[in-house]
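Undergrad:
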Amino acid sequence: MRVGMDRLVDLQRKRGYYVPVLGLTLKLPGGHRLQLTYSGERGTHMLSFVIGGRVVDRQEVRQDVDGRISVAAPARLEGRVYDDSDLNGVFDSGKDAPVSDVTVWLDENTSVQTDANGMYRFDQVKPGAHSVRADLADVPADMVFADNAARKIAILPYRDNTQNFAVVHTGGVTGKVTYLDYSQNADKPVERPMQDARVIADDERDTYSDVQGNIMLGSLPPGVYHLRVDPETIPKGYAASPEQMEIRIRPGETVRGVHFQLVMPPKPVIIKDLPKQQSRSVTSGVRTELN
Numbered sequence: 000m001r002v003g004m005d006r007l008v009d010l011q012r013k014r015g016y017y018v019p020v021l022g023l024t025l026k027l028p029g030g031h032r033l034q035l036t037y038s039g040e041r042g043t044h045m046l047s048f049v050i051g052g053r054v055v056d057r058q059e060v061r062q063d064v065d066g067r068i069s070v071a072a073p074a075r076l077e078g079r080v081y082d083d084s085d086l087n088g089v090f091d092s093g094k095d096a097p098v099s100d101v102t103v104w105l106d107e108n109t110s111v112q113t114d115a116n117g118m119y120r121f122d123q124v125k126p127g128a129h130s131v132r133a134d135l136a137d138v139p140a141d142m143v144f145a146d147n148a149a150r151k152i153a154i155l156p157y158r159d160n161t162q163n164f165a166v167v168h169t170g171g172v173t174g175k176v177t178y179l180d181y182s183q184n185a186d187k188p189v190e191r192p193m194q195d196a197r198v199i200a201d202d203e204r205d206t207y208s209d210v211q212g213n214i215m216l217g218s219l220p221p222g223v224y225h226l227r228v229d230p231e232t233i234p235k236g237y238a239a240s241p242e243q244m245e246i247r248i249r250p251g252e253t254v255r256g257v258h259f260q261l262v263m264p265p266k267p268v269i270i271k272d273l274p275k276q277q278s279r280s281v282t283s284g285v286r287t288e289l290n
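Heads up, the sequence shown is in numbering that gives the first Met the number 0, so the first residue is 0 and it goes up one at a time.
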């Protein structure tokens, strides 16, 4: 703080006089300072505010190969790993639970672990393109990430950069694949278990039936799936019934009783329309004359 008197000189009147002066300097975060100054004279009072210090840090100034100068301040990346129990993609403190001790990688060379609140943070991240990945190995065995665990992101300076990772409880499907054996009696076929039949869920996940025809698909994220039997893995001439089955998986739920039966479709009956034959009576060598 500075308190004093300054002497001013009026060139027109060629005389000087004194005015009171009050100055105050305050330190601000980031190495900046705020300076307040008051001065007063006859009929005039002036209060000034001056902020001093460096506008940008030396590390924030970049120069590209063409010599162009740009300013890019290091930024922060943070987020949360949580159990999205209601599948709405948003952390709800009253419903969802944070997941701790999950390793999160930045550019595959720097890592941190989530705390008790499921939070992670990277400081002093250079603006630009980066990759961030949450490690599935640290997630409980009955859970998977609801979205991609590895992402390409753009870090922007002077902005909040947030990447959350939602995990969900998986479900499963159990059932059976059988076939009708027509070899003994074509009219009364015997149902038998079908081994090594491939059952596909939305072309992304599959399983094979065991010797008893049992099938099991696990670690399915919640959602709707369409199941079908791969025709390349069943005997020639057979078809699956039903051809396709739709199921809905909920968190932690196992859908039971799925059943595909392989049958021989009946041979189509072909009916052809034959041309109608015209009937006529032919009398040869007979002539009747009426008188």
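Just so it is clear, CB atoms sit at the ideal spot from N, CA and C, and this is done for glycine as well.
Let me confirm a value: I270 is counted as buried when at least 16 other C-beta atoms fall within 10 Å, else exposed. Which label applies?
TA: Classification for I270: exposed.
Undergrad: Suppose you measure from the CA of G284 to the CA of K266; what does that come to, to the nearest Å?
TA: Its pLDDT being 49, under 50, G284 is placed unreliably in this model, and the coordinates cannot settle the point.
Undergrad: Among P221, L226 and V189, which residue has its Cα nearest to the Cα of T206?
TA: The shortest C-alpha separation from T206 is found at L226.
Undergrad: From D201, Q162 and D141, pick the residue whose C-alpha is nearest to that of R150; which is it?
TA: Cα-wise, what sits closest to R150 is Q162.
Undergrad: Just tell me which of T232, W104, T109 and T113 has its CA closest to the CA of A96.
TA: Cα-wise, what sits closest to A96 is T113.
Undergrad: Between V166 and D82, is the Cβ-Cβ spacing less than 7 Å?
TA: Against a cut-off of 7 Å, the Cβ pair of D82 and V166 comes out as a contact.
Undergrad: Would DSSP call D137 helix, strand or coil?
TA: If DSSP states are grouped into helix, strand and coil, D137 belongs with the helices.
Undergrad: Give the secondary structure of T36 by DSSP, where H, G and I count as helix, E and B as strand, and everything else as coil.
TA: Strand, per DSSP.
Undergrad: T232 by DSSP, collapsed to three states: which one?
TA: Note: T232 maps to helix in three-state DSSP.
Undergrad: Identify, in the order they occur along the chain, each residue of the same chain with its Cβ nearer than 8 Å to the Cβ of S240, setting aside the five sequence neighbours on each side.
TA: Hits under 8 Å: F259, Q260, L261 and V262.
Undergrad: Between P220, L35, A148 and T177, which lies nearest to G251 when the distance is taken from Cα to Cα?
TA: Checking every option, the nearest Cα to that of G251 belongs to P220.
Undergrad: Between G51 and the rest of its own chain, which residues show a CB-CB distance below 6 Å, the 5 nearest in sequence each way excluded?
TA: These residues qualify, in order along the chain: R32.
Undergrad: What residue does the beta strand (DSSP E) around G171 start on, and which one ends it?
TA: G170 to D180 is the span of the beta strand (DSSP E), which, as asked, contains G171.
Undergrad: Whole angstroms is fine: what's the gap from R197's alpha carbon to E203's?
TA: Approximately 13 Å, taken between the alpha carbons.
Undergrad: Would you identify the three-state DSSP class for P312, choosing helix, strand or coil?
TA: Residue 312 is absent from the model: the chain starts at 0 and stops at 290.
Undergrad: Between A153 and R132, is the Cβ-Cβ spacing less than 7 Å?
TA: Contact: no.
Undergrad: Would you identify the three-state DSSP class for N160, choosing helix, strand or coil?
TA: Residue state, collapsed to three classes: strand.
Undergrad: Can you tell me whether M81 is helix, strand or coil according to DSSP?
TA: One point to set straight first is that residue 81 is Tyr, not Met, in the sequence displayed. Y81: strand per DSSP, three-state reduction.
Undergrad: Can you round the beta-carbon distance between G218 and V124 to whole angstroms, since I take them to be within the 8 Å contact cut?
TA: In the sequence as displayed, the identity of residue 218 is Ser instead of Gly. About 33 Å separates the two Cβ atoms, so there is no contact after all.
Undergrad: Between which two residues does the beta strand (DSSP E) holding I270 run?
TA: Note, I270: premise wrong, no beta strand (DSSP E); not H, not E.
Undergrad: Which of the three DSSP states is assigned to M263 in this structure?
TA: Residue state, collapsed to three classes: coil.
Undergrad: Tell me which residues share the same chain as R249 and place their Cβ nearer than 8 Å to its Cβ, disregarding the 5 neighbours each side in the sequence.
TA: Taken in chain order, the residues that qualify are G170 and P221.
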